[in-house]
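Numbering (mature numbering (1 follows the signal peptide of the UniProt record, and there is no 0)), first residue to last: -18 to -1, 1 to 92. A quick write-up on the structure given underneath.
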């Protein structure tokens, strides 16, 4: 029974790690890489915009604002910085850039 638990844990941790990296040819981009490295491998993004949490409701925005004011912390990495979007090989890849580094990678099929 323990063996199956540890095997499942290993598979889940591997897949979670895989979500934070992207293969580009023979190179790998990962969270923490610089924006210069992203541009070197993929070129200029087709869309570049400030990251925003526009899909949140007014109530969620008010909670985030009050919690950030009370604790002195800002929003999560996905809600700040810039979003760089690339269209490649039938996929849309979005990098959330915070402080010049990759904070999140999202790769979806069109």
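The beta carbon of each residue, even a glycine, is placed where N, CA and C say it ideally should be.
Cut-off 8 Å between Cβ atoms - residues of its own chain near residue i, not counting five sequence neighbours on either side
i, result
"residue 3", "10, 11, 12, 13, 87"
"residue 81", "63"
"residue 23", "6, 7, 9, 11"
Secondary structure of residue i, DSSP reduced to three states
i, result
"residue 85", "strand"
"residue 21", "helix"
Buried or exposed (CB count within 10 angstroms, at least 16 for buried), residue i
i, result
"residue 31", "exposed"
"residue 18", "exposed"
"residue 78", "buried"
"residue 75", "buried"
Close Cβ partners of residue i (< 7 Å) along its chain, the five nearest in sequence each way excluded
i, result
"residue 72", "91, 92"
"residue 69", "28"
"residue 16", "82, 83"
Same chain only: Cβ atoms within 6 Å of residue i, ignoring 5 sequence neighbours per side
i, result
"residue 54", "Bear in mind that the predicted position of residue 54 carries a pLDDT of just 44, short of 50, making it too unreliable to give a figure here."
Counterpart residues of residue i in DSSP-defined beta bridges
i, result
"residue 67", "29, 76"
"residue 11", "4"
"residue 91", "73"
"residue 16", "83"
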